[in-house]
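So the structure is just underneath, and the comments pick up after that.
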Amino acid sequence: MHIQVFWPSDLIQTEEYIGVNTVVIGHNIEEQILVVVATLHYNQDKELIDRNILDENRNIQKFNDHLEVVGVIGEASWWNGTTIEIHNGQLYMDSSRIVVYDPPNPTMMQFFSVKPISVSLPEHEISLTSKDSQVDHIKDHVAKRSYSTQEKHFQDAIRCLNSCWRDRRELLETVPKMQSNWENMKSWNNTFQKVYELIFVILNSFRNIPLKNYIRFISLHIIIFTRSIFMIIIRLLNGRFSPDLPSLVELSATAQQIDLRLQQFCYAPIQYIRTKRKIDWSIASLRHLQSPVENSLPIEQYPEYIRFYNTLWLVINDVTFGITIGALLLEHQRTIVESIDKILIWKILYSDLKKISMWLMNSPGGIKLNTELSIFFSELFTWMVEFWKLTLINTLQPNLLLILKIAAFSSTFGATFPIAIFADFLSVITFHIYCFYFASARIFNWQLGILNSLFNLFLGRKRNVLRNRIDSNDYDLDQLLLGTLLFTVVSFLLPTVFAFYMTFTITSLLITVIISSLELTMSCLNHFPIFVMLLRIKDHKRTPGGIVFKNYKGYLKIESKPLRIGRMFEPFKNVISKLNSLYLSPKTIQTILSGHPISVKRNKFYKMLYSALPAEPIENSEVWKAIS
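Mapped onto the UniProt record's numbering, the consecutive letters of the sequence shown carry residue numbers 1 to 628.
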């Protein structure tokens, strides 16, 4: 029978086993896989060896029913199981394959994982692109493949590999004669043990102080009260006054940023608790926790730990950048206000737009347009610009300095807030361009619809509205003549409408690109996986992206694959791919040529980046149960 043996790399030196009887301790998974945890040497007579090994085996199984003696190196009269020999300086076992592994250090948050570690909450794992595909809808109705016995055994072996350090710590307390030749890899010594014990005793004494309980009680109520207020604000920002009206989060980048920060604060208590182990503060437990291995996080909490500190790091960086930006805005406030007033508002959005309107009226690019219609559109847009100036700009202009100061002081909460305010400011002061773009798009679409109907008239067809199809029809001569006249008039007016429509379509798209760039900057500051990348650079074993087998000194070695960069940016990839499919595809060109307005529903895509937050806010009752 073929057996797979996982052997620690720090116990692979065969010189230690020559001339010494050794017991191999580990996990036996259904007689299919052996996971070696430690070895035990005995330099005694043969009869004493056999008797001591039996005693130690009973001690091990009494303390930990998963650990047992899985093999011996040398001879033991009582043993009829796996025997390990040494040939040519290497460990050898009949009908077995030895796989070497580096024991993951839980104090460094190292672990093996067959699947890539998730940097998103499980509810956000399915991307929008795959979620909307027809293939996944078909998969929902197909029976899923169950894991085979070998796959289940391998999953159990991976769990045993991850628990190697904890098992070794238990063996040190269970087996006094354990030869701990891996002791030099531990991150503590006797001095550190005394320091840890002293710290825990001090903390335990502080825990018994009555004042601490009152402080904890008041802090919990402050957190719940503050969270209740924030939950109300979140509901107001996401609420709709009418089903047909958008919410504030969908309209404003500032409201969206406030919503994100409030949701992060509301989720922070739960996230923090999930990254901490609950400690038993009894003296016996404190002595047991003097090892960092015993006080390390369970593997299941590692992804939450990464998400929590990634968010914390991003908020700190955001606030740091914000303080710098706020200082620069206040220092150069007069220059910035004058530049916005003279260059952005009066030159670009007022004078240059009026020049473009006059250029379209006077045969743009040498193309002869309909004079009367171009004059009408030009005067209409000029009137709209003047109305925008009187109603909006004359109101905003005296308050530009106040708006800049609000943006500067809001930067105390992060650089994303002044960026969001500036994005909303651009959306407001360019509203007249969007209005004329929307109007010209509707007129162009109506003209195309009229031309399509008249063309069907020439072909002797008409649209059946009730059945939503094209039916044949017999027209009179008068109807055909009238249709010919209307088709001619609309055809000659179409280039003029198309010229104005394309001009303001390009202008509107440029504004959309600028605002989207600002929001992309916000997205990077809010959701960039900086902590994950730093962990990957420092130690890729803390962010496993699967496993790989390599050659190692004549053995096969299992190692963790680093998490792929693309996996870290999975939410960004989903957003970009969805935006490309909707706005940078042949369908987009078809939408523009058909005269349908393009509206970027940024909130729908930006929500996809909330991968570290639950889809629905957690209620206060659940938070109270978790933290009390």
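The beta-carbon is built from N, C-alpha and C at its ideal position, and this holds for glycine as well.
Note that the structure is a prediction, hence the values are computed from the model and not measured.
Based on Cα-Cα distance, which residue from the options lies nearest to residue i?
| i | options | result |
| --- | --- | --- |
| A268 | L236, S148, I233 and E304 | E304 |
| S427 | E519, F444, S410 and W7 | E519 |
| T107 | I421, W165 and Y555 | W165 |
| F154 | E170, L34 and S363 | L34 |
| D474 | F487, Q32 and F458 | F458 |
| I514 | Q271, H27 and T430 | T430 |
| R567 | R536, F549, L328 and N551 | R536 |
| K573 | L593, I592 and C524 | C524 |
| F6 | I470, H41, Q257 and D156 | D156 |
| I306 | K354, I348 and V532 | V532 |
| Y434 | I506, L248 and C160 | I506 |
| T39 | E31, H27 and Q32 | H27 |
| S621 | I224, V465 and P562 | I224 |
| Y309 | L556, L534 and V489 | L534 |
| S491 | L466, P529, V465 and L451 | L451 |
| R274 | I470, L121 and V70 | L121 |
| K389 | A420, I576 and S351 | S351 |
I need the straight-line Cα distance from residue i to residue j, nearest angstrom please.
| i | j | result |
| --- | --- | --- |
| R542 | H527 | 20 Å |
| V293 | F425 | Bear in mind that a pLDDT of 43 at V293, under 50, signals an unreliable position, so the model cannot answer this. |
| P614 | S585 | 32 Å |
| K625 | F217 | 13 Å |
| V623 | T226 | 12 Å |
| L251 | G365 | 37 Å |
| I345 | F376 | 25 Å |
| A284 | D10 | Summary for A284: the model assigns pLDDT 40, below 50, so the residue's position carries little reliability, and this model does not support an answer. |
| L510 | N580 | 16 Å |
| S242 | G483 | 43 Å |
| E619 | Q263 | 12 Å |
| N399 | H332 | 16 Å |
| I279 | D539 | Since pLDDT at I279 reaches only 42, below the 50 mark, its modelled position is unreliable, and the value read off the structure follows with that caveat. If you take the alpha carbons of I279 and D539, they lie about 28 Å apart. |
| V37 | L67 | 9 Å |
| L128 | L360 | Low per-residue confidence applies at L128: pLDDT is 41, beneath 50, and the placement is therefore not dependable, though the value from the model is reported in the following sentence. Spanning the two alpha carbons is a distance of roughly 42 Å. |
| I393 | V385 | 10 Å |
| I234 | Y610 | 14 Å |
| D476 | R463 | 17 Å |
| I49 | V72 | A caution first: I49 carries a pLDDT of 49, below 50, which makes its placement in the model unreliable, though a value can still be read off. For I49 and V72, the distance between alpha carbons rounds to 12 Å. |
| R287 | E173 | In this prediction, R287 has a pLDDT of 40, which is less than 50 and means its spatial position is unreliable; nothing more can be read from the coordinates. |
| Y214 | L220 | 10 Å |
| N181 | F413 | With a pLDDT of 48 at N181, under the threshold of 50, the modelled position of this residue cannot be trusted; read the value that follows with caution. N181 and F413: Cα-Cα distance of roughly 52 Å. |
| Q256 | S516 | 14 Å |
| M231 | C266 | 8 Å |
| K553 | I25 | 23 Å |
| L373 | V489 | 12 Å |
| E151 | V114 | 11 Å |
| E30 | R97 | 16 Å |
| P8 | Y555 | 12 Å |
| F444 | T395 | 33 Å |
| Q4 | T521 | 50 Å |
DSSP has residue i in a bridge; who is on the other side?
| i | result |
| --- | --- |
| I234 | Answer by DSSP bridge pairing: none, since I234 is not bridged. |
| V24 | T39 and G71 |
| P562 | P544 |
| W7 | V100 |
| S472 | R461 |
| I33 | Q4 and I29 |
If you measure between the beta carbons of residue i and residue j, is that distance less than 7 Å?
| i | j | result |
| --- | --- | --- |
| P571 | S560 | no |
| A408 | G326 | yes |
| A253 | A423 | yes |
| V337 | L404 | yes |
| F500 | S440 | yes |
| N162 | P104 | yes |
| L493 | L454 | no |
| T496 | N370 | yes |
| H41 | T22 | yes |
| I558 | F549 | yes |
| residue 698 | Y302 | Outside the shown range of the chain (1 to 628) lies residue 698, about which nothing can therefore be said. |
| Y437 | F504 | yes |
| E357 | T391 | Checking the sequence shown, residue 357 turns out to be Ser, not Glu. Not closer than 7 Å, so no. |
| P116 | G595 | no |
Threshold first: 3 residues or longer. Then list the beta strand (DSSP E) segments lying entirely within the stretch 495-558, N to C. If you keep only unbroken beta strand (DSSP E) runs of at least 3 residues inside the stretch 495-558, you get 544-552.
Ranges of the alpha helix (DSSP H) found wholly within the stretch 309-361, counting only runs of at least 4: 333-339 and 353-361
Length-filtered (4 minimum) alpha helix (DSSP H) runs lying within the stretch 375-444: 400-410 and 416-429
List in chain order: all unbroken alpha helix (DSSP H) runs of 4+ residues lying wholly within the stretch 235-267. The stretch 235-267 is shown to contain whole alpha helix (DSSP H) runs of 4 or more residues at 248-251, in chain order.
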